[in-house]
Amino acid sequence: MAQFFQTNNNIAIVGAGPSGIYCAISILAELEKLNYNDFSITIFDNKSPLTTILPTGNKRCNITNAICDIKEFAKNYPRGEKFLYSIFSRYFTYETLEFFKSIGVETYIQEDGRIFPVSNSSYCVREKLLKKLNSYKNYRIVNKKINSKDDLLNFDKIVLAAGSRGVEGLIKSFNHSIIPYKNALCALVVDNFCYPRGVSVKSLQGDFIFTDNGISGPLAFKISSLRAFSGFPYTIEIDLFEYQKLKQEIEDNPKKSIGNIVSKLIPKSLAQVLVKDYAKKASEVSKKDLMSYSKLKLRIISQKPDGEIVRAGGVNLDEVDKNIKSKIYPNLWFCGEILNIDGFCGGFNLQNCWSGSWVVAKDIVGSII
Ligand SMILES: Cc1cc2nc3c(=O)[nH]c(=O)nc-3n(C[C@H](O)[C@H](O)[C@H](O)COP(=O)(O)OP(=O)(O)OC[C@H]3O[C@@H](n4cnc5c(N)ncnc54)[C@H](O)[C@@H]3O)c2cc1C
């Protein structure tokens, strides 16, 4: 081990997830460009590197999103929106996609703006990132869990990129405070659930799918994220379709039953639950009832335990500077989900990793050269 260390600039990165690996590659690339060698990087993880990227985007890895405007992009972070303006102004989706292209990951934009690798494979993304990392010399990966700052006494620069699970003790050992972690982007449990399981609905607020006891899918994830700190129960009224559309359908088909007409606008199995007098002639249904069929009122009682995609909360952003360097502990940086930054579904969480890690890498390189 002694041989591996350089005389100066021994950098520890805790966590070999997307942010830790991207940070390591960015430091290595930058210092190679400068032909500088008096440094070492040790990446600690008790799991195989980039294991956490494998399930992303249903194994397709939703790398980022096509929204081009930084402020519009940042609106997709319930926590961290304003903090990210400065980070994104230095490293954004364009730079990220250029990087991925340079390592052989071509991408495409899906209709909804989400960006995926052409291979549609998170395994491929992992492989290309690790191949790139492997092309450098001054790093090593050590299979070890880091419990506190005392495990890192040999290092003069430390990056915590350990994600958001089980890291409270580690963060506190550096005297940082933590906004308590809460699950976000998860399915929801609905009170008195009586809806058709497995049926997908495209509502005006977003798509969702009925599960065994509630809802999942983009709309559910968004609600779970927005309510991560305010909690449940919470009642939501979902607009299933524009009332005007229903009126038009009735005008065009006055003799049809209300059930059949509503079934044209939402899945039939849901219409069968919502429409009271399914066989009644549509033109005879009261306006109040008609209006009620365009809405679905759900009383959400909790998040579904486990299975969360991301966790809200984390290292308090007031305690880091614009380079995500600690204001409390010397030569300590953070990147990725360990921070109190989380985004909606759509590639926003990984973009936080790519951009934040690059900014941290740049600052570390600046502190060396
Ligand atoms: C099922 C699923 C699908 C997702 N899909 C997408 C998607 O398509 N697009 C998107 O943008 N986001 C997605 N996300 C979110 C995204 O994967 C995370 O935000 C991202 O992985 C965070 O990266 P990170 O490197 O900060 O943390 P992590 O990925 O959590 O990595 C942290 C690493 O640190 C290690 N570690 C933890 N503690 C220690 C310790 N004490 N010592 C040493 N090592 C430690 C862990 O083993 C882990 O390898 C998804 C998440 C899930 C769960």
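Each residue of the sequence shown is one higher than the one before, starting from 863 at the first, in my numbering.
For glycine and all other residues, C-beta sits at the position ideal for the given N, C-alpha and C.
Predicted model only: the values in this text are computed from it and were never measured.
Are residue i and residue j closer than 8 angstroms when you measure CB to CB?
i     : j     : result
K921  : S983  : yes
W1195 : K1189 : no
G857  : Y1043 : Residue coverage of the chain in this structure runs from 863 to 1231, which leaves residue 857 outside it and unanswerable.
P1058 : S1156 : no
N1185 : N1202 : no
I1200 : A1024 : yes
I1003 : A878  : yes
D900  : N872  : no
C1197 : S1229 : no
N1045 : R1173 : yes
I915  : R988  : yes
If I measure Cβ to Cβ from residue i and keep anything under 8 angstroms in the same chain, skipping five residues before and after, which residues do I get?
i     : result
S964  : none
V1052 : N1075, G1076, I1077, L1160, R1161, I1162, I1163
L992  : I883, P911, L912
E892  : A1223, K1224, V1227
Y1001 : A886, L890, S902, I903, T904, I905, L995
D1183 : K1189
I1123 : L1108, E1111, I1112, N1115, A1144
Whose C-beta lies closer than 7 angstroms to the C-beta of residue i among residues of the same chain, with five residues either side of it excluded?
i     : result
G1209 : N924, I925, T926, N927, R976, I977
K1117 : K1143
G966  : K990
I932  : Y947, F950, S951, F954
F962  : I925, T969
With DSSP run on the structure shown, which of helix, strand or coil describes residue i?
i     : result
R1002 : strand
V987  : helix
F1072 : strand
G1175 : strand
D1204 : strand
A886  : helix
Q1067 : coil
T914  : helix
K1044 : strand
D900  : coil
D907  : strand
T926  : strand
S872  : It should be noted that the sequence gives Asn, not Ser, for residue 872. Note: N872 maps to strand in three-state DSSP.
L1127 : helix
S1078 : strand
V1147 : coil
L1015 : coil
S1062 : strand
S1010 : coil
Quick one: is the Cβ of residue i within less than 7 angstroms of any heavy atom of ligand 1?
i     : result
L991  : no
S1065 : no
A878  : yes
V1147 : no
N1202 : no
G919  : yes
S881  : yes
L995  : no
A1141 : no
L1024 : Looking at the sequence shown, residue 1024 is not Leu but Ala. Yes, the beta carbon of A1024 sits closer than 7 angstroms to at least one heavy atom of ligand 1.
C1048 : no
C986  : no
D1053 : no
I1008 : yes
G1198 : yes
V1029 : yes
I1171 : yes
L1032 : yes
G1176 : no
I1128 : no
G1209 : yes
I929  : no
For residue i, which residues does DSSP report across the bridge?
i     : result
E943  : According to DSSP, which records beta bridges pairwise, E943 is partnered with nothing at all.
E1099 : K1159
Y970  : F978
L1194 : I1020
S1188 : V1182
Q1165 : L1050
S1119 : K1143
Leaving out the 5 sequence neighbours to the left and right, which residues in its chain are closer than 6 angstroms to residue i when beta-carbon positions are compared?
i     : result
Q1213 : T926
T958  : T926, W1216
S1035 : S1010, K1011
Taking 7 angstroms as the line, does the beta carbon of residue i fall inside it for any heavy atom of ligand 2?
i     : result
K1011 : You won't find ligand 2 in this model; what it holds is ligand 1.
Is there a Cβ from chain C that is less than 8 angstroms from the Cβ of residue i?
i    : result
C986 : The chain inventory of the structure shown lacks chain C, comprising one protein chain alone.
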